[in-house]
Amino acid sequence: MWLPALISQRIADMQAKGLKLSAEDIYSVNQASLKDAVVLFGSGCTGELISGEGLLITNHHCGYSQIQRHSSVEHDYLRDGFWAMNRGEELPNPGLTVKFLERMEDVTALIVDKGVSAEDLIRQATAGGKGLKAQVESLFYGNQYYLFVFREYSDVRLVGAPPSSIGKFGGDTDNWMWPRHTGDFSIFRVYADRDNNPAAYSPDNVPYTPKRFFTISRAGVKEGDFTFIYGCPGSTQEYIHSEGVRYVAEISDPAKVDLRTQRLDIQSKYMSQSQAVRIQYSSKYASVSNAWKKWQGEMKGIAKNNVVERKRRYEAAFEQWAKGTEYAGLTQKLAALYAELEPYNFAREMYQETAGTVEIASLAAALGRAADEEARERVRASFYKDYYQPIDRESFIAMMTEFGRRVPAGLVPAYYKDKLAQHGSIEAWADEIFSGDLGAAAEFSNRFTGWYREEIYPQVSRLNAAITALYKDYMRGQMAFEPERSFYPDANLTLRVAYGKVSGYAPADGVWYYPYSTLKGVMEKDNPDIFDYNIPQVLRDIYAKGGYEDVPVCFLATNHTTGGNSGSPVINADGNLIGINFDRVWEGTMSDIVFDPEICRNISLDIRYMLFIVENIGKAPHLLAEMRFAD
Ligand code: ARG
Ligand code: ASP
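If you read the sequence shown in my numbering, its first letter stands for residue 533, the second for the next number, and so on.
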């Protein structure tokens, strides 16, 4: 996850591994470079330009909420897909933005030595340019500061999306897994004013002319091929203390997984009894299940790789080396702070996963915040559309039981104890909360929020601030301790470059996974009785004509990615687009804490599957005509 502006430090290694481009081709502020074809899509995904007329591609799961918003019973674009047959049919998405990186600059000296404020830097950087946005981000725990200047476009229209039975094929069953057969892409177009500048939506806007867009390679990938990824990884913690890792893998992940297993079981029980409830809860279920599944892979991976023990040995060696220096004793101090933080941090997480998930309490809180009756009516309408009270009630009982069991006794709020004493059981308390009048739910929300704000949050934030201050020194210490090692700054949703190669892996002893999947595998999974595996009939019909077995679908590579890299361009040695990143393999999800090239793999859509779907399912040759091909 290297900083693009410093890519010249990596370029020799990249070239040795197969890259045919120069550092300037990847990142330049003086001429168009690949960075100009990459955007932060919305608030947490990546997207890339694939035509000279503003055509942009990202994941289906990144465009999901836009596709959903345009869907109705008459036009169910989530179910059936959507293809604009001309520019006039492209659908605007108020609120959706894309940000192009104009430049990034090391401002450490300005901030630390000259005392310039981040606000001043941002003000200067954004003066006099349309759509300019800037932010100053700390890297390496405050040892470095970078200014990032973006140009933000806010007229971004939906152009195409496959049916969910292709774009989300495999659903939560296959999520985080290989072999994978998901056509996870959606297509948008960026619009600009007549001078190519950012502008709010207007029918007078015209397609944006990018400084640079990706050329697509249809040559395909093979084991060992060099690949790199440009994108916006959200967050990693590669340099943390063993106690931080132990907390994640042995305390936090197992508890959260248990709680979510219970909630998911309750949801799926009711979803399997009613089609209406299945529709209401499918998106909620997917988001609960995404992290639930990732955490299981993460805790297993950390245990299997002995990460806690390895970090402890590292810390012992560090302290041995640090004797008599300014870095001596840092790891012990960190351990002591982690011990102090643990009960509060755990209470915080248990609160979020229990009281924080009671839907009726969120409704009561949202109604409390709404300005007037009209706003309240909107809140109610959108809430009840996707609400099934028996799920919420059963979940409430399970989660409140767990809260009392898991949160350290001294930290349990008085309100919780009073309610149990008053009602005698959580079931009886649930009768009050779900009585129909929202008074008890509002009280529940207020009292829990109040407890969190007064008793938990101040401790968590004080201790975290102290820990971060120590990490600033410990990070510098690690760099001094290992002068030969190349350190990348932990991900923070800023643009990064990761590189690796196409590669299979061994998920377990005696098993080897090949790095590609094909349409044949889609057909092997196809089953009209299983929602996640029920492909559209049109795909079956095409396949039945014969000759489509080898259509490539997904591939694996060793690029280091994380949440936020979804939608990222996967690029070959010549700088051409070969795939779109969308996931990682389950056995390697500990890569947010420790990246192991033996087992950590990113999963990408093969760009040729996108072309196949646009042509055969979308029947949208005009989109293909806009794209540029290398071969
Ligand atoms: N696991 C991927 C990521 O973290 C994809 C999630 C969307 N897909 C799903 N089946 N829920 O975002
Ligand atoms: N699926 C993730 C995303 O949406 C990517 C990952 O976690 O590997 O960004």
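Ideal Cβ placement from N, Cα and C applies to all residues, glycine included.
What you are looking at is a predicted structure, and each value in this text was computed from that prediction instead of being measured.
{"Query": "Return helix, strand or coil for Gly763, following the three-state DSSP convention.", "Result": "strand"}
{"Query": "Please report the residue range of the alpha helix (DSSP H) in which Ser814 lies.", "Result": "Gln807 to Lys836"}
{"Query": "With which residues is Glu580 paired in a DSSP beta bridge?", "Result": "Val570 and Ile589"}
{"Query": "Near ligand 1, which residues have their beta-carbon less than 7 Å from any of its heavy atoms, given in chain order?", "Result": "His593, Lys700, Gly703, Asp704, Asn707, Trp708, Ala818, Ser821, Asn822, Lys826, Gly1095, Ser1098, Phe1114 and Asp1115"}
{"Query": "Do Cys1229 and ligand 2 come close, with the Cβ less than 8 Å from some heavy atom?", "Result": "For residue 1229 there is no data in the structure shown, the boundaries of the chain being 533 and 1163."}
{"Query": "Let me know the secondary structure DSSP gives Asp1138 once reduced to three states.", "Result": "strand"}
{"Query": "Check this for me: beta carbons of Ile539 and Thr759, under 9 Å apart or not?", "Result": "no"}
{"Query": "Provide the residue span of the beta strand (DSSP E) that contains Asn877, from first to last.", "Result": "That residue, Asn877, is in no beta strand (DSSP E); its alpha helix (DSSP H) goes Leu862 to Glu885."}
{"Query": "Tell whether a beta-carbon distance below 9 Å holds between Gly1009 and Tyr1141.", "Result": "no"}
{"Query": "Taking the C-alpha atoms as reference points, what is the distance between Gly1042 and Ile1131?", "Result": "14 Å"}
{"Query": "Kindly indicate which three-state DSSP category Cys1086 falls into: helix, strand or coil?", "Result": "strand"}
{"Query": "What are the boundary residues of the alpha helix (DSSP H) that includes Thr889?", "Result": "Counting along the chain, Thr889 falls outside any alpha helix (DSSP H), and DSSP gives it neither H nor E."}
{"Query": "Would you kindly work out how many angstroms separate the C-alpha atoms of Ala564 and Lys743, rounded to a whole number?", "Result": "6 Å"}
{"Query": "Ligand 2 and Tyr747: does the residue's C-beta get closer than 8 Å to at least one heavy atom of that ligand?", "Result": "Before going on, a small fix: residue 747 reads as Thr here, not Tyr. It does not: the Cβ of Thr747 is nowhere closer than 8 Å to a heavy atom of ligand 2."}
{"Query": "Hey, out of Asp1022, Gly692, Leu551 and Ala974, whose CA is closest to Ser767's CA?", "Result": "Asp1022"}
{"Query": "Judging by CA-CA distance, which residue of Ile834, Phe632, Asp557 and Pro922 is the nearest neighbour of Gly579?", "Result": "Phe632"}
{"Query": "For Gln991 and Tyr948, I'd like the C-alpha separation in whole angstroms.", "Result": "20 Å"}
{"Query": "Ignoring anything shorter than 4 residues, give me the alpha helix (DSSP H) runs that lie fully in the region 640-664, in order along the chain.", "Result": "650-658"}
{"Query": "Among residues of its own chain, excluding the 5 on either side of Leu628, which ones have a beta-carbon nearer than 7 Å to its beta-carbon?", "Result": "Gly574, Gln598 and Val688"}
{"Query": "Got a sec, what are the start and stop residues for the beta strand (DSSP E) Glu986 sits in?", "Result": "Premise fails: Glu986 is in no beta strand (DSSP E) and is neither H nor E."}
{"Query": "Within 10 angstroms of its Cβ, does Met636 collect 16 or more other Cβ (buried), or is it exposed?", "Result": "buried"}
{"Query": "Excluding the 5 residues flanking Arg750 on each side, which residues of the same chain have their C-beta closer than 8 Å to its C-beta?", "Result": "Ile1139, Arg1140, Leu1143, Phe1161, Ala1162 and Asp1163"}
{"Query": "Give me the Cα-Cα distance between Pro945 and Tyr989, rounded to the nearest whole angstrom.", "Result": "13 Å"}
{"Query": "What did DSSP end up calling Glu926 once you bin it into helix, strand or coil?", "Result": "helix"}
{"Query": "I'd like the ranges of any beta strand (DSSP E) spanning at least 3 consecutive residues and lying wholly in the region 998-1060.", "Result": "1028-1033 and 1048-1050"}
{"Query": "Here's the rule: buried if 16 or more other CB atoms are within 10 angstroms of the residue's CB, otherwise exposed. What is Pro940?", "Result": "exposed"}
{"Query": "Cα separation between Asn838 and Met1122?", "Result": "12 Å"}
{"Query": "So, are the CB atoms of Thr714 and Leu1051 less than 9 Å apart?", "Result": "no"}
{"Query": "In terms of DSSP beta bridges, what is Val738 paired with?", "Result": "Ala724"}
{"Query": "State the start and end residues of the unbroken beta strand (DSSP E) segment that holds Gly1111.", "Result": "Leu1109 to Arg1116"}
{"Query": "Rounding to the nearest angstrom, what Cα-Cα distance links His593 and Val668 in this structure?", "Result": "29 Å"}
{"Query": "Indicate the three-state DSSP secondary structure (helix, strand or coil) for Tyr1075 in the structure shown.", "Result": "helix"}
{"Query": "What would DSSP say about Lys843, mapped onto helix, strand or coil?", "Result": "helix"}
{"Query": "What residues match up with Pro624 in a beta bridge as DSSP calls it?", "Result": "Arg689"}
{"Query": "Among the residues of its own chain, which have a CB less than 6 Å from the CB of Ala998, if the five just before and after it don't count?", "Result": "Leu869"}
{"Query": "Measure the CB-CB distance between Leu970 and Ala902 and report whether it falls below 9 Å.", "Result": "no"}
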